[in-house]
Amino acid sequence: DAVPVHLLTREAFDIYLKKLAPGGIIVINIANRYLNFEHVLGNMTEDRNIVGMIQGGYEVREIDKYGTNWVVMARKTEDFGVLPELKAELKTDSEDWVETWRKIESNPKLGVWTDDYSNLPSIFKWSR
1 DAVPVHLLTR EAFDIYLKKL APGGIIVINI ANRYLNFEHV LGNMTEDRNI VGMIQGGYEV
61 REIDKYGTNW VVMARKTEDF GVLPELKAEL KTDSEDWVET WRKIESNPKL GVWTDDYSNL
121 PSIFKWSR
């Protein structure tokens with residue numbers, strides 16, 4: 001699971017936002033067996049004054065199958081369209097529906113990654 005850290009920095013997001021069309025969204029797959037990128041991108045949303053949502057709720061626990069996690073970012077919440085309202089049925093005995101998208105969380109202790117600073121050990125999933 002190699003990590004392209006240079007694509008998750010303040011400088012990279014400055015480029016993405018410069019190229020982002022009005023009403024557009026940035027979509028990032030953050031699936032990784034060993035690292036949790038949620039707070040890195042949550043910090044970025046605060047630093048760049050944008051909004052972010054993360055897909056959650058599912059974790060595949062089968063051999064040779066892996067779940068996926070997506071983050072979407074935009075200049076304003078309205079740019080997400082109906083995304084915040086989407087729901088999916090859990091594969092359990094429950095008849096409940098759950099939200100699959102939620103606001104991304106930040107963690108000020110991690111700081112904002114830049115071309116000069118990143119900290120992979122700080123986002124390592126120490127327990128599985």
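Each residue of the sequence shown is one higher than the one before, starting from 1 at the first, in the numbering used here. Cβ atoms here follow ideal geometry from the backbone N, Cα and C, with glycine treated the same way. Predicted, not measured: the structure shown is a model, and the values here were computed from it.
Inset, instruction - Just the C-alpha distance for residue 35 and residue 42, rounded to the nearest angstrom, thanks. - result: The sequence position of residue 35 within the sequence shown is 35, counting from 1. The sequence position of residue 42 within the sequence shown is 42, counting from 1. Spanning the two alpha carbons is a distance of roughly 15 Å.
Inset, instruction - Measure the C-alpha to C-alpha separation of residue 83 and residue 17 and round it to an integer number of angstroms. - result: Within the sequence shown, the letter at position 83 stands for residue 83. Within the sequence shown, the letter at position 17 stands for residue 17. Between residue 83 and residue 17, the alpha-carbon positions lie close to 20 Å from each other.
Inset, instruction - Would you check if there are 3 or more beta carbon pairs closer than 8 Å linking the stretch 5-12 to the stretch 73-81? - result: As far as the Cβ criterion goes, the stretch 5-12 does not touch the stretch 73-81, which means the pair count is below three.
Legend entry - Straight-line Cα distance separating residue 20 from residue 6: Here residue 6 refers to the residue found at position 6 of the sequence shown. Here residue 20 refers to the residue found at position 20 of the sequence shown. A straight-line Cα-Cα distance of about 18 Å links residue 6 and residue 20.
Legend entry - Counted within 10 angstroms of its Cβ, other Cβ atoms place residue 113 as buried (16 or more) or exposed: One-based indexing of the sequence shown puts residue 113 at position 113. With 16 or more Cβ atoms within 10 Å of its Cβ, residue 113 is classed as buried.
Legend entry - Inter-residue Cα distance where the pair is residue 80 and residue 4: Along the sequence shown, one-based indexing puts residue 80 at 80. Along the sequence shown, one-based indexing puts residue 4 at 4. When rounded, the distance between both Cα atoms is 25 Å.
Inset, instruction - For residue 126, count neighbouring C-beta atoms within 10 Å of its own C-beta (all shown protein chains included) and say buried if the count is 16 or more, exposed if not. - result: In the sequence shown, residue 126 corresponds to position 126, counting from 1. Flag for residue 126 reads exposed.
Legend entry - Residue burial classification, residue 86 (beta-carbon count within 10 angstroms, cutoff 16): For this step, residue 86 is matched to residue 86 along the sequence shown. Flag for residue 86 reads exposed.
Inset, instruction - Would you tell me roughly how many angstroms separate the C-alpha atoms of residue 38 and residue 23, rounded to the nearest one? - result: Indexing the sequence shown from 1 puts residue 38 at position 38. Indexing the sequence shown from 1 puts residue 23 at position 23. Taking the straight line joining both Cα atoms gives about 23 Å.
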